[in-house]
Each structure stands twice: as C-alpha cells, then as structure tokens.
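Colleague:
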Amino acid sequence: MIKDIVFDFGGVLTTIDTNEALRRFKEIGVEKPETYINSYCQNGPFFALENGDITAEEFCNELGTICGRRVTYEEAKHAWCGFIVKVHEEILEYLQQLRPHYRLSILSNTNPFIQSWARSKEFTSCGKSLDDYFDTLFLSYCMGASKPGEEIYRRMLLKGNMKPEETLFIDDSEKNLESARKLGINTLKVENGEDWRALLEKRLTT
510 MIKDIVFDFG GVLTTIDTNE ALRRFKEIGV EKPETYINSY CQNGPFFALE NGDITAEEFC
570 NELGTICGRR VTYEEAKHAW CGFIVKVHEE ILEYLQQLRP HYRLSILSNT NPFIQSWARS
630 KEFTSCGKSL DDYFDTLFLS YCMGASKPGE EIYRRMLLKG NMKPEETLFI DDSEKNLESA
690 RKLGINTLKV ENGEDWRALL EKRLTT
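According to the working numbering, the sequence shown is numbered sequentially starting from 510.
(1) Quick one: which unbroken alpha helix (DSSP H) runs of 4-plus residues sit fully inside the region 579-628? Chain order, please.
(2) What is the rounded straight-line gap between the Cα of N659 and the Cα of S614?
(3) Give the straight-line distance between the Cα atoms of E571 and N670, rounded to the nearest whole angstrom.
(4) So, is L686 buried or exposed, given that buried needs 16 or more other C-beta atoms within 10 angstroms?
(5) Look at the Cβ atom of T527, then the Cβ atom of V594, and state whether they are nearer than 7 Å.
(6) Is the region 600-614 touching the region 576-584 in the sense that three or more CB pairs, one from each, lie closer than 8 Å?
(7) Terminal residues of the continuous beta strand (DSSP E) containing N695?
(8) Does the region 636-648 come close enough to the region 672-685 that 3 or more CB-CB pairs lie under 8 Å?
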C-alpha cells in the first residue's frame, strides 16, 4: 500500500522550457549555454550549484567569469527562472485532497535561485508557497546529491523514514525513474506539463 507520494518539481508541477532558460543565460553573456544546461541535469558550475557543491554567491562569481563581467543575484535568478513556464495551480490544489491520506514530498534537482521564488508567496496566484502543499522538500542542493544518482534516493528514504515498497515517485525523466526502481521504489512516468491527475488516481486504486 502506498503511504508516501514523491513528486519531481519541474515538468511535473510546472511546465518547463529549457529554450527560454538558454535564451536568458545567453542574454546575460553565456556564449554557449547549451554546454551547461539541459532539461534534467546540468554541467560545470550549473551542476555544482544544483548538487550543493557551491553557494548561490559562488555561482554568481563563476557565472561572472564565464560572462566576462559581474553577474548579480537577480540576473542569475531571472535566468534560472526561465525554466518555469507555468505553475499548475489546479494540480497543487488537487494535492490538498491527497494530504489527509498520504505524505506528500518533493524530490527535485533544483537550486537556491528557483527555490527562493518557489518557496515564496509569489509562487501561486493565491499567495501560497511550495511549502504549503508538501510535508517535506528533498532538494538536491540541500541534500548534496542529484538525480539520477541513487544516493539522493537513499538519503530521501532515510531522512523521510520511507519504505521503498510504500513509496510512489512521479517524474518526467525515465533515467530518474529507473534509478528509483533499482531501490524498490514504485514509479509513475508523466510528460512535461501533462495533467496527470487521472493517471495518479488510476495508479492509487489498482
């Protein structure tokens, strides 16, 4: 029986657009942003930021070196938030119906720039933050590990006191789901921006 439902953030609760993020980073001076950025896992200082190896300030310094000029926190935040096209508020409200019956968590490769927005009242039109919808947030930069590496799943299970067979993980990346399955975690694959509520209901009732 499923007791814990864990959701990816980008692509599952939001629609993401990698091209817009690339455009914004190029706008601030990153010549070939595609060298560092893709939809699921980043490279270089971009990965180091999401993996918790460097701070937001250190990332701005590294980005400044790449761009050949000083890059402010707000510029970096604006570029990172280019990934987010839409927040699916109807899905977030649906999750409120699940909370009396399941523990709900986030497991996301993310960074302090995006989360400073997501964990603020600016996240939704009704002034709620990401924290208002979930019991626990397992964020890569806080955990010092990233998907699809298995270590982040092990740490999640331990910190969340979760049993793999009682946990369902929802993500839009097959690689991420494959790693979860290796540890015995149940999985559900969805598409970027998809309304997956019916899929989840079916999975929970079969």
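No residue lacks a Cβ here, since even glycine has one placed at the ideal position from N, Cα and C.
Since we're looking at a predicted model, the values are computed, not measured.
Modeller: A quick look at the data gives this:
(1) 582-589, 598-607, 621-627
(2) Here residue 659 is Glu; the residue named in the question, Asn, does not match the sequence. Looking at the two C-alpha atoms, the distance is approximately 17 Å.
(3) 37 Å
(4) buried
(5) no
(6) Per the Cβ contact rule, the region 576-584 is not in contact with the region 600-614 (fewer than 3 Cβ pairs under 8 Å).
(7) 695-698
(8) no
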